[in-house]
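Remarks on the structure that follows.
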Amino acid sequence: MIGIPIGLVYCNLGEWLIHKHVLHGLGKRRDSFWSFHWHDHHAKARRQAMVDDQYQKSFLAWEPQTKEAVALLGLALAHLPLLPFMPFFTSTVLYSCVNYYRVHKRAHMDTEWAREHLPWHYDHHMGMNQNTNWCVTHPWFDELLGTRQRPIAADVHVEAVRAA
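Residues 1257 to 1420 (the working numbering) make up the sequence shown, in order.
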């Protein structure tokens, strides 16, 4: 059962690394597969006060939400061979992939829910610096690595929306 906390820590570190280095690192290059994250998802969320209406579209359309789901499915499938040897760890990774998609989607469809339940992710999109607050489900590695940045004043997010 030690695989459960190890899996949770592993997945949170994965969120931090992938978000920072893949989705923002590679994603800022227009010719990258990952460019949907920065150029579509971030742009929409910034313009629409955290809402990304692409989450309301069909999975049949090759939209950012579909690309996100395919990437998460790929991560889940890549860990499946470990299931017979590390069942608790692998099950936690599978759970974490599903949970990531679920909470990320809800955060971008329900701004108030995001502000209350994922304030670090809300700050990532709506704060002054979108190159902080890399974690989505829990801010553990942002806190540990010093990349959790809270707004300086209560109205920073409103000003960020106006400036975008």
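For each residue, glycine too, the CB sits at the ideal point set by N, CA and C. Being a predicted model, the structure only gives us computed values, none of them experimental.
Cβ-based burial, residue i [other Cβ within 10 Å; buried from 16]
{"i": "Gln1310", "result": "buried"}
{"i": "Leu1273", "result": "exposed"}
{"i": "Pro1320", "result": "buried"}
{"i": "Ile1373", "result": "According to the sequence provided, residue 1373 is His. The question's Ile does not apply to it. Looking at its Cβ environment, which holds fewer than 16 other Cβ atoms inside 10 Å, His1373 is exposed."}
{"i": "Leu1336", "result": "exposed"}
Rounded C-alpha distance that separates residue i from residue j
{"i": "Cys1267", "j": "Thr1348", "result": "9 angstroms"}
{"i": "Asp1287", "j": "Asp1296", "result": "13 angstroms"}
{"i": "Gly1281", "j": "His1381", "result": "16 angstroms"}
{"i": "Lys1323", "j": "His1293", "result": "9 angstroms"}
{"i": "Asp1411", "j": "Met1257", "result": "At Asp1411, the pLDDT of 46 sits below 50, so the modelled position is not reliable; the number obtained from the coordinates is stated separately. Going by the C-alpha atoms only, they are around 44 angstroms apart."}
{"i": "Lys1313", "j": "Ala1370", "result": "20 angstroms"}
Reduced DSSP secondary structure (H/G/I, E/B, other) of residue i
{"i": "Gly1263", "result": "helix"}
{"i": "Met1342", "result": "coil"}
Cβ neighbours of residue i in the same chain (closer than 6 angstroms, five flanking residues each side left out)
{"i": "Met1365", "result": "Tyr1311"}
{"i": "Leu1279", "result": "Trp1290 and His1293"}
Same chain, Cβ closer than 7 angstroms to residue i, neighbours up to 5 away in sequence not counted
{"i": "Cys1353", "result": "Leu1328, Leu1331 and Ala1332"}
Contacts around residue i, its chain only, beta-carbon distance under 8 angstroms, and the 5 residues preceding and following it disregarded
{"i": "Phe1345", "result": "Gly1259, Ile1260, Ile1262, Gly1263, Tyr1266 and Leu1338"}
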